[in-house]
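Chains as they are written, first to last, in my numbering: chain X, 243 to 621; chain S, 243 to 621; chain F, 243 to 621; chain C, 243 to 621.
Yeah, the Cβ is synthetic: ideal placement off N, Cα and C, and Gly gets one too.
Please read these numbers as outputs of a predicted model, since none were measured by experiment.
Beneath this line is the structure, given in structure tokens, with notes to follow.
4 protein chains.
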Amino acid sequence: MAGRKKLNVGMVGYGFMGRAHSNAFGRVSRFFDLGYEPVLRAVCGRDKEKVEAFRETWSYDSCETDWRKLVARSDIDLIDIAAPNDVHAEIALAAAAAGKMVMCEKPLGRNAAEAATMTEAVERAKVPNMVWYNYRRAPAVALAKQLIDEGRLGRVYHYRAKFLQDWTISQDLPQGGAALWRLDASVAGSGVTGDLLAHCIDTALWLNGAIDQVAATTETFVKERMHNLTGKVEPVRIDDASLFLARFANGSLGNFEATRYARGHKALYTFEINGEEASISWDLHDLHRLQYFDHRDEGIVRGWRSLHVTDSDHPYMKRWWVPGLQIGYEHTFIHQAADFLDGLASGKPAAPTFRDALMTDRVTDAVLRSAASEKWERV
Amino acid sequence: MAGRKKLNVGMVGYGFMGRAHSNAFGRVSRFFDLGYEPVLRAVCGRDKEKVEAFRETWSYDSCETDWRKLVARSDIDLIDIAAPNDVHAEIALAAAAAGKMVMCEKPLGRNAAEAATMTEAVERAKVPNMVWYNYRRAPAVALAKQLIDEGRLGRVYHYRAKFLQDWTISQDLPQGGAALWRLDASVAGSGVTGDLLAHCIDTALWLNGAIDQVAATTETFVKERMHNLTGKVEPVRIDDASLFLARFANGSLGNFEATRYARGHKALYTFEINGEEASISWDLHDLHRLQYFDHRDEGIVRGWRSLHVTDSDHPYMKRWWVPGLQIGYEHTFIHQAADFLDGLASGKPAAPTFRDALMTDRVTDAVLRSAASEKWERV
Amino acid sequence: MAGRKKLNVGMVGYGFMGRAHSNAFGRVSRFFDLGYEPVLRAVCGRDKEKVEAFRETWSYDSCETDWRKLVARSDIDLIDIAAPNDVHAEIALAAAAAGKMVMCEKPLGRNAAEAATMTEAVERAKVPNMVWYNYRRAPAVALAKQLIDEGRLGRVYHYRAKFLQDWTISQDLPQGGAALWRLDASVAGSGVTGDLLAHCIDTALWLNGAIDQVAATTETFVKERMHNLTGKVEPVRIDDASLFLARFANGSLGNFEATRYARGHKALYTFEINGEEASISWDLHDLHRLQYFDHRDEGIVRGWRSLHVTDSDHPYMKRWWVPGLQIGYEHTFIHQAADFLDGLASGKPAAPTFRDALMTDRVTDAVLRSAASEKWERV
Amino acid sequence: MAGRKKLNVGMVGYGFMGRAHSNAFGRVSRFFDLGYEPVLRAVCGRDKEKVEAFRETWSYDSCETDWRKLVARSDIDLIDIAAPNDVHAEIALAAAAAGKMVMCEKPLGRNAAEAATMTEAVERAKVPNMVWYNYRRAPAVALAKQLIDEGRLGRVYHYRAKFLQDWTISQDLPQGGAALWRLDASVAGSGVTGDLLAHCIDTALWLNGAIDQVAATTETFVKERMHNLTGKVEPVRIDDASLFLARFANGSLGNFEATRYARGHKALYTFEINGEEASISWDLHDLHRLQYFDHRDEGIVRGWRSLHVTDSDHPYMKRWWVPGLQIGYEHTFIHQAADFLDGLASGKPAAPTFRDALMTDRVTDAVLRSAASEKWERV
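As structure tokens, this is what we get:
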């Protein structure tokens, strides 16, 4: 451990994701034995008082109120962008230009064009880069990947994913501003397509390969909401719901849906994959479990197996407690930090890189195009 | 009971559905107190030996090998068509012309044109008629209908349904012939669209009203199979999988999928409805349960309720055992028979009539058109 | 089928169990190919009007109001006792003396002494006999038995069973009389010990062998209830709850509990067996499923398998519908009737015989003794 | 936050519990706003190399190899005992004598006599004290407590708890030594009774009040194991399984069971409480959920509610992420640390204190006495 290199982190953002990322960098060395040790060097946010309070709570060494200053600091190795979508691109470009490693919250850009610029920037600068599609690192999801890579499913016929929430149903909920920028299209880029479907797509591309074509529809159920920044009732320009059919390059059919109007579901991200020999399903509300069906099992005792993914031979789990004791949401970020640091040490960059995440933005772009054209669109 | 009128049933078909219908007519008077009592007067099938064995097992009074003779018999009140799809239309037309009541297995026709002819025939003849979309009569599904009719869901945002099976994955499975006519497009009309999606659509129209438009895709995963009737390997012309997005007249979005390539699912028909105030979901693998979420519940104890639909105040259940004791698949047919007979007595015909079922065939037609055109299609 | 022998059934009782047994005898020949065909010859009940209505509904040929007359009839082969516990013994003795086959609802006697007399009577008369412990014939429970007999569990460490209901919690519920004789100790013999624990014990003896010793406690939560027959508030003399620890002859430990005061459970009979290599669990609220865990599965995909016991290679299921379509409570009786008739044809009597059921009464006797003595008691 | 007092922690033990406690003290200030801030001042363990590595990983300021030195240090405010059971008493006594606050892993003593001495010591010294019965702080369990305290259950009839594991089934597993002291009676005091049942009892006493009497049985399935410290095969003196019936002071009946021979269960701690009006159940394998049944719900929509305990109005949860995102096992320790620190600030000591935990040891003593005497024993 004595030989571990320090990695100085500069965090941009102190909201929900700022906390999740800070916790990840603060915990990872306690549980993983890595070549790099992250140091919480500085956090940056626009509100001086709030950023100072955040600094103290999370034991950052210092804070900034202008991200340009953070990027300019020579004592920072890594810029981690945990700010709203509309600033991802400019910060990433500046950070890459300054030779910093860059990590960025998802979605990478507000659209594929933005994401492409960012991808070119980090690749040109040859800086390590990664996007926080954290659900890849839920141990159950990583186990799904392992089972697929081992060829257990055989030919895949179906991929099905949903991300269901219900927190914007009330018409009285305003749009825009600090807590509600996800409802403001100019900041977020899109609604559930970029916020929720992007997660579904990232996992799908990882587990099942490229998507060729999509046929989509979107809907905005509540047409107008008070805008926090203008104080006026304004049209809602994001999509509240987004559904699409897909054709994967491997010949399988995709069915994707995201909405914030599914009463009873807080954050129900689920996927299911049906292969010739085996099927897999998972959901975020019980993220420590994986459902697995293997047709090769003897007939009379064949059934869906509920895997409690807490054993030491399950992905990531030997780092934690003992079998039967579950971990939670925040651990997906800790695992992602661990894999990023491991990639630095090994020279094999951990996925998803900016380029991987750009592919997701290309799919979400195609989804929005198809919703507008009412036709199938190529990715 | 002494005053019950006899209703003489002539059954066409002695396969899976012939058994289910015969059981329904044989059991219904034991458990329901009705104005009409069905009498198993005759069963008709092409194979003399088999139909005689069926007659004996099910205690029919007589049997026929030509459905025309059955239709011509004066001692028959009701013709029940439990034969493959390709004979639905001609039998129904003849039965209506002979002034018989007509019940018919689903889907009504191989396509909407056939179904329209059949609908016109029974309406012109003014004979009672019904189609066996039996899942409406699962007590849990009937309870869903009741909760919706009571207005508990509020504005509906989403309707989602799937019918997943896995029994045709093997490439060695032949097509056509007695047991496998569902894989022969000339007999079945279509694949999972008419066989499985039709169930999903019938329930959806009943619970959530009309579907305006659809965008669909279909796939045939196994392109050729040995044909049982020709003995040759022939192209498979049915759809193995069929998915579609829908827009309902009430403004909600639909997501439908059926397949016979979902490894691990035998007959998993599921639906979920998300309303402003409440949500409902159900699946056929545990058909005696309904999942219900009510947002009006107090926050700290708000959650999905697993309703074990076996109480005497649940639809149909006071006719059966005691709370906690479940019924099964075959009871959906018994309930449908009961409702049909009740409709005869009351003069208020039970749904779905031929006209109701014609609407389902119009949706499945639109689905197949959309899959071909790769565009949205109006129903 | 032409060669099937008729078996003339005389039913005693027209309550809940009278219906279940009548349905079983009425359905069994439709679904099972047997050497004997039951004929519903006569039903007997004390109320002339009610028994006549029951006769008509269930298509019995005739009815009686005095069971002695039924027993004396020469056209009756089998006396099936579906009447309250207090008349089991005298009817069974008379039936055996008359050379009739005897089937009897559980528990066999109100206590082991009664049950012993009955057992001696049928054995002395050498008449076929059986007790309706119907849950052995749930396909999932029969599958559990098969898996155990195949040695899949290895050495058994634990057996756990509960039967939880909640229908007598209200203090306003009276005791005694037609519908509530189960609360009247003089009729029922005991409370949940004989009514519910008896089911748990019968299954346990079948699946896990003899019970040597028990340590029990019982409780009567509501001490007084209005008695329907006297019209007065009288002490409640049955046990409302009964729990016991057990030691099986095979060295495993048992944990049993039954109650009618478990709010939220209508008829939740559950059991779980933990063996060295595998475990099994089941519950009556989803009776078509069996949970199975096999430690020999590969570690990373080891988990509880939820078996949907509806395949044609599962016990009894090839007689019913197609995979995925569940059956219900009443089918356990149909299966038991089938096995009884099969036993007649083969000469290998189906279990549980009166002697098997006597063993259950001996355990319930020991439970009640232990509750009184506050010590361990040998069975 | 500037006004927070430092609380200097001296940790004894660097095993599984040493990690869990260290993590709790290291995280609590990040997520909770408290009057005290714990400082990881020193960790103590017998192996110099290992304790130094642990110090570095967990960022303790210093380390010790002799707990007496740690207790003697003037810069330590709190001694936290995370070492095996056989040293709990002497460390606690010394720490109390030195005027330190004391926290101790459960069970408090190897038996009630030891626990009584410890309780007297901390009370005499008037030092804050607490025992790590961490499951009280799972948000779902804390919610159960809240619902009970609000009177929602009404009169309680039944309390049922199990703690099922399967990790010691193999006969080849040795006993004793660092990793396996829980199998060595001289270190652990007892087997599953003190290790697992103690958790069940602590929760039960908290949720349902005092236990008056117990009737128990225990078993040691594997009679001999190689001992890691002697290198010889020696008798196993712990209990592998322990079951007891209980009578609570409030008139309800208890049913408790713990075992390490329940194949398929890694750490399945479950409890269920049945009250007149409502019932509750919980299990550790899905610790973020609580099952709740309320009989006052309207009949047709009455069912068990699956509460996903992740909302901001659920206990502890406003400190974490957003609704739908679950936390895990380790958070129960963080919550307990928070409550302890809160108790220091408020002057209202958080439970369970040593005195509370002594009551649990009195019940486990009674369980072991009853298993030996084969009679009911008073607590």
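Beta carbon proximity, residue i to chain C, threshold 8 Å
| i | result |
| --- | --- |
| F:D505 | A small fix is needed here, since residue 505 of chain F is Arg in this sequence, not Asp. Cβ-Cβ to chain C under 8 Å: yes for F:R505. |
| S:H577 | no |
| X:R315 | no |
| X:D528 | yes |
| X:F258 | yes |
| X:R272 | yes |
| F:A446 | no |
Interface residues of chain C facing residue i [CB-CB closer than 9 Å]
| i | result |
| --- | --- |
| X:K508 | H550, T552, D553, V564, P565, G566, L567 |
| F:F513 | The premise fails here: F:F513 is roughly 13 Å from chain C at the closest Cβ pair, so nothing lies under 9 Å. |
Residue i at chain S interface by Cβ criterion, 8 Å
| i | result |
| --- | --- |
| F:R310 | no |
| X:L485 | yes |
Option nearest residue i by Cα separation, candidates the options
| i | options | result |
| --- | --- | --- |
| C:K617 | F:F575, F:D426, F:E294, F:A457 | F:A457 |
| X:D482 | X:V293, X:L385, X:W409 | X:W409 |
| C:R297 | C:R283, C:W309, C:P477 | C:R283 |
| F:D317 | F:D584, F:V369, F:M468, F:D303 | F:D303 |
| C:V621 | C:K474, C:K290, C:G566, C:A452 | C:A452 |
| C:G341 | C:L438, C:V364, C:N470 | C:V364 |
| S:V251 | S:V313, S:A384, S:L471, S:T307 | S:V313 |
| X:N492 | X:A579, X:L449, X:K368, X:K311 | X:L449 |
| X:F273 | C:A262, C:G517, C:S271, C:T595 | C:A262 |
| C:D603 | C:M360, C:M468, C:W423 | C:M360 |
Within-8 Å CB hit, residue i to chain X
| i | result |
| --- | --- |
| F:W546 | yes |
| F:L385 | yes |
| F:I323 | no |
| C:Y571 | yes |
| C:T299 | yes |
Chain-ordered neighbours of residue i on chain F, where CB pairs are closer than 8 Å
| i | result |
| --- | --- |
| C:F535 | R505, G506 |
| X:G473 | Those do not exist, as X:G473 stays about 49 Å from chain F at its closest Cβ, beyond 8 Å. |
| S:T606 | Going along chain F, no residue has its Cβ under 8 Å from S:T606, so there is no contact; the nearest lies around 22 Å. |
8 Å Cβ cutoff, residue i in contact with chain F
| i | result |
| --- | --- |
| X:H556 | yes |
| X:I542 | yes |
| C:F490 | no |
Contact set between residue i and chain S, taken where Cβ atoms lie within less than 8 Å
| i | result |
| --- | --- |
| F:R502 | In chain order: nothing, as chain S lies at least about 12 Å away. |
Listed by chain order, chain F residues near residue i by CB distance under 9 Å
| i | result |
| --- | --- |
| C:S521 | D408, A504, R505, G506, H507 |
Contact set between residue i and chain S, taken where Cβ atoms lie within less than 7 Å
| i | result |
| --- | --- |
| X:G433 | Going along chain S, no residue has its Cβ under 7 Å from X:G433, so there is no contact; the nearest lies around 14 Å. |
7 Å Cβ cut-off: residues of chain X touching residue i
| i | result |
| --- | --- |
| S:L586 | Within chain X, no residue comes near S:L586; the closest Cβ sits about 40 Å away, beyond 7 Å. |
Where residue i meets chain F, residues with beta-carbon distance less than 7 Å
| i | result |
| --- | --- |
| C:T618 | Here residue 618 of chain C is Trp; the residue named in the question, Thr, does not match the sequence. Within chain F, the residues near C:W618 are E616. |
| C:G517 | R505 |
| C:E499 | N497 |
Residues in the segment 395-411 of chain F with C-beta within 7 Å of chain C's C-beta atoms, listed in sequence order?
Here the close residues are Y399, H400, I411.
Could you say if the segment 496-509 of chain S and the segment 397-415 of chain S meet the contact criterion of at least three C-beta pairs nearer than 8 Å?
Short answer: they touch.
Mind checking the segment 261-293 of chain S against chain F and listing, in chain order, the residues whose C-beta falls within less than 9 Å of any C-beta there?
Near chain F, meaning a CB-to-CB distance below 9 Å, the residues of the segment 261-293 of chain S are R261, A262, S264, N265, G268, R269, S271, R272, F273, D275.
When you check each C-beta in the segment 453-471 of chain C against every C-beta of chain F, which residues fall closer than 7 Å?
Here the close residues are A457, T459, E461, F463.
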